[in-house]
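Just so you know, we're using my numbering here: the sequence shown kicks off at 54 and counts up by one. Ideal Cβ positions, reconstructed from N, Cα and C, are used throughout, including at glycine. Reading through the structure tokens given below for one structure.
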Amino acid sequence: MTAPLPFDIIVLGAGPAGATCAATAAEAGRRVAVVDEQPQAGGQVWRAPMGGFPGKGDADQASGDALRQRLVTSSATRLLGHRVWSVVRTETGYRVDTLGPDGPTALEAPSLVVATGAHERVVPFPGWTMPGVIGLAAATVLLKSHGVVPGRRLVVAGCGPLLAVVAAGLVKAGAEVAAVVDIAPRSAWLARLPAILGQPRLAARGLSWALAVAKAGVPMLSGHGVRRVEGGAAVARVVVGPVDAEGAPADGPERVFEADGLIVGHGLTTASEVTRLLRAEHRFDRLRGGWIPVIDGAFQTSLAGLYAIGDGAGIRGQAMASLSGEALGWHLAGRRAEAEAARGRMAAATPFSDAMAGLMAERPAQVRAIAPDTVVCRCEDVTRAEIDAAVAAGATQIDQLKHFTRCGMGPCQGRSCADTVQELMAARLGTTREAVGQWTGRPPLRPVPLGEVIGAFSYDDIPIPTPAPL
Ligand SMILES: Cc1cc2nc3c(=O)[nH]c(=O)nc-3n(C[C@H](O)[C@H](O)[C@H](O)COP(=O)(O)OP(=O)(O)OC[C@H]3O[C@@H](n4cnc5c(N)ncnc54)[C@H](O)[C@@H]3O)c2cc1C
54 MTAPLPFDII
64 VLGAGPAGAT
74 CAATAAEAGR
84 RVAVVDEQPQ
94 AGGQVWRAPM
104 GGFPGKGDAD
114 QASGDALRQR
124 LVTSSATRLL
134 GHRVWSVVRT
144 ETGYRVDTLG
154 PDGPTALEAP
164 SLVVATGAHE
174 RVVPFPGWTM
184 PGVIGLAAAT
194 VLLKSHGVVP
204 GRRLVVAGCG
214 PLLAVVAAGL
224 VKAGAEVAAV
234 VDIAPRSAWL
244 ARLPAILGQP
254 RLAARGLSWA
264 LAVAKAGVPM
274 LSGHGVRRVE
284 GGAAVARVVV
294 GPVDAEGAPA
304 DGPERVFEAD
314 GLIVGHGLTT
324 ASEVTRLLRA
334 EHRFDRLRGG
344 WIPVIDGAFQ
354 TSLAGLYAIG
364 DGAGIRGQAM
374 ASLSGEALGW
384 HLAGRRAEAE
394 AARGRMAAAT
404 PFSDAMAGLM
414 AERPAQVRAI
424 APDTVVCRCE
434 DVTRAEIDAA
444 VAAGATQIDQ
454 LKHFTRCGMG
464 PCQGRSCADT
474 VQELMAARLG
484 TTREAVGQWT
494 GRPPLRPVPL
504 GEVIGAFSYD
514 DIPIPTPAPL
């Protein structure tokens with residue numbers, strides 16, 4: 054087996070949480086490696102422009118540039134463009150296997166920090182797999198990294214603060230926004246106003262996005278959701294209608310918007326593949342994005358030396374991600390006072406983060422209203438009716454459902470549908486999310502060509518048990 058490169062700390066993910074943690078610990082003298090599959094650090098919110106696009110020149114780009122520069126200046130070893138496909142526990146800590154531009158690389162360290170961020174949740178509706186429908190979070194990537202607008206006349210729908218981010222970005226880029234459709238009623242935003250105003254800088258940014266959209270004359274519908282997309286080969290119309298406080302369709306007139314694209318997202322779920330693979334303890338927390346690793350006051354999971362921060366430890370947003378990275382970086386460097394100070398700043402930012410997380414949290418009634426013939430697992434084309442049938446046939450655990458239907462067995466390995474499938478199963482069984490459980494984590498964490506990763510191993514690495522005495 055290729056000898057792993059030794060470090061004190063391996064940080065998995067170079068978003069605001071991971072990059073801040075890596076830079077802080079490296080600046081304090083620890084040997085740190087930080088790994089990310091993206092070609093540049095910054096994570097989702099501070100993604101770097103790519104392919105010749107100069108970037109939008111906004112505050113996110115400036116924050117990302119500053120973090121990238123800090124990482125370069127620090128002594129941290131940066132493995133960017135490296136997909137982490139395997140993580141195992143060893144006698145001395147953790148081994149991480151990556152596949153990068155120059156082939157496989159292995160790393161080992163007594164401490165592993167999981168800062169893998171979040172996945173986007175889209176609750177299915179008729180037409181959601183049609184060409185021209187893309188995720189709300191995915192749209193931020195197109196806008197930030199490539200300067201691409203995914204259509205000429207677009208409906209922006211779903212919930213949470215990314216609605217305003219994307220709609221304002223589209224208006225600025227010259228696209229026509231046919232409507233912004235928010236599941237949350239206005240009262241849900243008003244109830245969170247004190248928490249929002251507690252972070253004046255973030256509140257001002259949010260207000261500037263909303264004003265830009267209003268100034269462009271875009272209709273904004275609150276308490277509405279997408280009923281269906283019509284078109285066939287591509288999006289032609291988006292039909293929306295009122296929803297109740299839980300996000301389920303409610304009585305009231307439908308509205309039809311002519312559009313060639315729909316950008317839709319219903320919040321984020323924690324990317325917990327690594328902590329699940331390592332069999333760390335998890336708990337279900339709807340507000341924080343579903344199943345999240347259990348961590349203590351120093352971000353340590355139930356496994357010694359395994360830490361989780363940022364959205365990878367529960368959806369809390371960029372400000373909390375950066376602060377958790379700073380707090381853990383200081384902690385791992387043995388600098389208690391600095392770690393404590395960062396944790397204090399996290400406490401101050403919590404009401405805002407909770408307010409935003411609440412707007413993006415899964416709404417069970419919305420999931421339970423999915424029609425029987427709607428595809429839920431798009432990788433394996435599994436409908437809601439097939440999930441219900443598997444439960445009727447005796448599946449009681451989420452791993453059994455996978456065996457019955459192939460749900461979650463496709464290229465995304467359940468990253469897109471897990472939350473929805475588990476909610477549907479719990480609903481059908483009349484039980485809790487805890488009772489149906491979560492999918493067992495399995496390698497590879499990312500799709501990798503076997504021929505390329507096999508180079509890191511030899512037959513000697515295969516454990517052959519000693520024959521039993523005759
Ligand atoms: C697609 C998307 C777009 C978003 N856009 C915005 C936005 O515009 N504004 C906003 O406020 N919030 C946005 N968010 C929310 C945002 O993720 C968080 O608020 C914030 O970025 C969290 O920081 P983080 O460091 O915890 O995680 P992230 O920023 O998500 O960073 C996690 C990093 O881990 C890496 N990673 C994960 N798994 C692996 C692996 N197996 N191998 C190698 N690398 C891996 C990822 O490439 C990523 O760079 C977005 C979320 C998503 C999912």
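In three-state terms, what does DSSP make of C430? strand
Local conformation of R336 per DSSP, three classes: strand
Let me check one thing: in DSSP terms, what residues is G294 bridge-paired to? G278
Examine ligand 1 and report whether any of its heavy atoms sits within less than 7 Å of the Cβ of E283. no
Would you list, in sequence order, the uninterrupted alpha helix (DSSP H) runs of no fewer than 4 residues that lie entirely inside the region 327-398? 371-385
By a C-beta neighbour count over all protein chains shown, 10 Å radius and 16 as the cutoff for buried, is H319 buried or exposed? buried
Between A265 and A221, what straight-line distance do the alpha-carbon atoms span, to the nearest angstrom? 6 Å
What's the C-alpha gap between R416 and S355? 29 Å
Minimum C-alpha distance to G490 - residue among R329, V435, D441: R329
When DSSP builds the beta bridges, which residues end up paired with V202? Looking at the DSSP assignment, V202 forms no beta bridge with any residue, so it has no partner.
Got a sec: does ligand 1 put a non-hydrogen atom nearer than 7 Å to the Cβ of L223? no
Sorted by chain position, which residues of the same chain lie with C-beta nearer than 8 Å to F457's C-beta, five sequence neighbours on each side aside? A443, A446, A448
Would you give the residue range spanned by the alpha helix (DSSP H) that I440 belongs to? 437-445
Taking its Cβ as the centre, do 16 or more other Cβ atoms sit within 10 Å of Y147, making it buried, or is it exposed? buried
A408 in three-state terms, based on DSSP: helix
To the nearest angstrom, how far is the alpha carbon of E311 from that of D441? 34 Å
Quick check on A257: buried or exposed, where buried means 16 or more other Cβ atoms within 10 Å of its Cβ? exposed
Using CA atoms only, rank isn't needed, just tell me which of S406, R174, A191, A190 is closest to Q419. R174
Selected residue, minimal CA-CA separation from L120, among V98, F106, G397: V98
Beta-carbon contacts of P214 that lie in its chain and below 6 Å, excluding the five residues immediately before and after: M409
Checking the sheet assignment: what are the DSSP bridge partners for I316? I187, V209
heavy atom of ligand 1 below 7 Å from L498 C-beta: yes
Would you decide whether L503 is buried or exposed? Buried here means 16 or more other CB atoms lie within 10 Å of its CB. exposed
Count the C-beta pairs between the region 426-439 and the region 454-474 that are closer than 8 Å, then say yes if the count reaches three, no if not. yes
Near Q371, which residues of its chain fall below 7 Å by C-beta distance, leaving aside the five closest residues on each side in sequence? P69, V98
Once DSSP output is grouped into helix, strand and coil, what is the label at W138? strand
Status (buried if at least 16 other CB within 10 Å, exposed otherwise) for D472: buried
Smallest Cα separation from A301: which of G285, A286, V279? V279
Paired residues, beta bridge with R308 - DSSP: V293
Between which two residues does the beta strand (DSSP E) containing P247 stretch? Per DSSP, P247 belongs to no beta strand (DSSP E); it is in the alpha helix (DSSP H), 246-250.
Length of the line joining the Cα atoms of T169 and V137: 10 Å
Mapping the DSSP letters down to three states, classify A424 as helix, strand or coil. coil
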